[in-house]
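What follows is a short report on a single structure.
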Ligand SMILES: Cc1cc2nc3c(=O)[nH]c(=O)nc-3n(C[C@H](O)[C@H](O)[C@H](O)COP(=O)(O)O)c2cc1C
C-alpha cells in the first residue's frame, strides 16, 4: 500500500516557556557571548579563545551542563581592520550553522543566532531558524541586528542605509519573518522593502507564539525598536551603580507603557576571576593593557563612530573596555567579588548577563565551581539538576 503523504506538522507547537530556559524562574539568568568568534576581548595574549569546532563545543557543553540559560553568537562578515582578512576579529563562524551544530551538542541552554537583516532575506531566516528550533527541541532564539559596519555590508553591494531607515527596514523584515513563522495560510505582502508573493515557510518553529527575539540597539531609535519587538533588550550598565535601577526601569516602562509588552533587560560583562583580587587585576592588566590589540580596538571604534549613533565621550572610555571585552562591564576579582557584582546587577532589576572570558573553558570551569554556588546561596539561581531539560519532542 502506498503511504498517505505526510501533511501533519513535524512537531506540535509548545509554549516557549516550557522549552526555552530564558523563561525559567531564575532571578538572574546567565549566558555566554561570542564563542563563534574570538570571544569579546581584543588582546594579543596567546591563550585567547579561538573558534575551532572542538573549542566551540567544549565551551557550549560547559555552559549547558552548568545550566546557564543562553549561548549567544555574534554576526560579523569581516574583521575590524580592512586589509587583514586573517585577523582574529574576522574569523567568525556563521551563526546559523554554528547554532544547528550546537543544538545537537547541547541539551538545556538556549542557542541564539545573531542575524543581519540587510543581507539575509526573511524567508531564508524563517526556514533556517525553524530548522534550528526543531533540532534543539524549542531552544532557539534570534538576535536581530540592523547592521552598522559599513565595509561588511558594502562587501555584499548592500549600501549601509541611513540610521533611521535601517530600523524601518528591520521592522519590516521582522514583520515578514514573524508572519512566515506563524501564519497558517499563504500570504501576499508588499511593503517599502519587501514584496512577498504567496509567502509561506515550513516547518514553522516549535516555540509558540514565536522564538524569543533579542535586540541590542544602542541609539534612541534602537531603544524604541528593542522595546517594541525585543523579548530581551540590552543596556550598558553605567559606571555609577545607583543609575542601574533607573536604566532597567526605563526600558521596562517603555516596553510596558508604549508597546504594552514585557521585556527582559540583559547586559554584557567580561569576567576575570582568580584566587585573589591582586591576581585577577594583574591578569586584566596583562591582557587588556600590556597586550591589548589597540589597532583592532581603534579600527572598530572608528567604524562605530562613523556608522552607529554612539556618543564620542563614551567611545574614549570604551577603549579599555573593548580591549577587555565587548565594551560592557568588567567583573574582576575573586569568586566573592564576581558573585557580589552579579548580585548587585540582579538587585537593580537586570534579568540576565552574557559573560565572556579570554579563555572560555578555563573561565567557565572556575565560574561553575565557585561563583554559581554563591549565586544559588544568594537565592538568585536554583541549583541545576541537569534534569530540567527541554520538554518538546
Ligand atoms: C549583546 C550585543 C550583541 C550585538 N551583536 C552584534 C552583532 O553580532 N553584529 C553587529 O553588527 N552588531 C551587533 N551589536 C550591535 C547592535 O545591534 C547595534 O547595532 C549597536 O549597538 C548600535 O546601535 P544602533 O544601531 O541603535 O546605533 C550587538 C550589540 C550588543 C549589545
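In this note's numbering, the protein residues as written are 38 to 430. By construction, the Cβ of each residue, glycine as well, lies at the ideal position given by its N, Cα and C atoms.
| Query | Result |
| --- | --- |
| For residue 370 and residue 102, what's the separation of their Cα atoms in angstroms? | 24 Å |
| Can you pull the DSSP bridge partners for residue 180? | 151, 251 |
| Any heavy atom of ligand 1 closer than 6 Å to the Cβ of residue 254? | yes |
| Would you report the Cα separation of residue 188 and residue 337, rounded to the nearest angstrom? | 11 Å |
| Just list the residues that DSSP pairs residue 207 with in beta bridges. | Residue 207 pairs with nothing; no bridge assigned. |
| Locate the beta strand (DSSP E) running through residue 233, then write down its first and last residues. | 232 to 236 |
| Do residue 155 and residue 184 come within 7 Å of each other at the CB atom, strictly closer than that value? | yes |
| For residue 134 and residue 165, what's the separation of their Cα atoms in angstroms? | 9 Å |
| Please report the straight-line C-alpha distance between residue 278 and residue 383, rounded to a whole angstrom. | 12 Å |
| Who are the near neighbours of residue 163 in its chain, counting only those whose CB is closer than 7 Å to its CB and skipping five residues on each side? | 214, 217, 218, 238 |
| Do residue 417 and ligand 1 come close, with the Cβ less than 6 Å from some heavy atom? | no |
| So, do the segment 392 to 404 and the segment 273 to 292 have three or more beta carbon pairs nearer to each other than 8 Å? | no |
| What residue from 310, 172, 175 has the CA that sits closest to residue 398's CA? | 310 |
| In the DSSP assignment, find the unbroken beta strand (DSSP E) run with residue 389 in it and report its ends. | 389 to 393 |
| Across which residues does DSSP place residue 271 in a beta bridge pair? | 303 |
| Using 7 Å as the limit for Cβ to Cβ distance, is residue 71 near chain C? | The chain labelled as chain C is not found in the depicted structure, where only one protein chain is given. |
| Return yes when the Cβ of residue 77 is within less than 7 Å of the Cβ of residue 329, no when it is not. | no |
| Any chance the CB of residue 182 is under 6 Å from a heavy atom of ligand 1? | yes |
| Report the residue ranges of all beta strand (DSSP E) runs contained in full by the segment 314 to 384; include only those spanning at least 3 residues, in chain order. | 366 to 370 |
| What three-state label does DSSP hand residue 101 in the structure shown? | helix |
| In three-state terms, what does DSSP make of residue 215? | helix |
| Measuring from the CB of residue 271, is there a heavy atom of ligand 1 at a distance below 6 Å? | yes |
| Mind reading off the beta-carbon distance from residue 252 to residue 266? Whole number of angstroms is fine, and I expect it under 8 Å. | 6 Å |
| Whose C-beta lies closer than 6 Å to the C-beta of residue 242 among residues of the same chain, with five residues either side of it excluded? | 167, 170, 218, 248 |
| Return the bridge partner residues of residue 244 from the DSSP annotation. | 51 |
| Report yes if the C-beta of residue 100 is less than 6 Å from at least one heavy atom of ligand 1; otherwise report no. | no |
| From the DSSP output, which residues share a beta bridge with residue 310? | 370 |
| Between residue 430 and the rest of its own chain, which residues show a CB-CB distance below 8 Å, the 5 nearest in sequence each way excluded? | The predicted position of residue 430 is uncertain, since its pLDDT is 33 and thus under 50; a value taken from the coordinates is nonetheless stated next. Cβ within range, chain order: 48, 49, 174. |
| Taking 6 Å as the cut-off, is the beta-carbon of residue 133 closer than that to any non-hydrogen atom of ligand 1? | no |
| Give me the residue from 63, 84, 408, 186 with the minimum Cα distance to residue 118. | 186 |
| Could you check which residue in 224, 282, 381, 396 has the C-alpha nearest to that of residue 320? | 396 |
| Could you tell me the alpha carbon to alpha carbon distance between residue 360 and residue 326, rounded to whole angstroms? | 7 Å |
| Any heavy atom of ligand 1 within a distance shorter than 6 Å of the CB on residue 107? | no |
| Are residue 147 and residue 57 closer than 7 Å when you measure CB to CB? | yes |
| Where does the unbroken beta strand (DSSP E) through residue 226 begin, and where does it stop? | 224 to 227 |
| What does the alpha-carbon distance come out to for the pair residue 436 and residue 318? | Because the chain here runs from 38 to 430, residue 436 falls outside it and cannot be looked at. |
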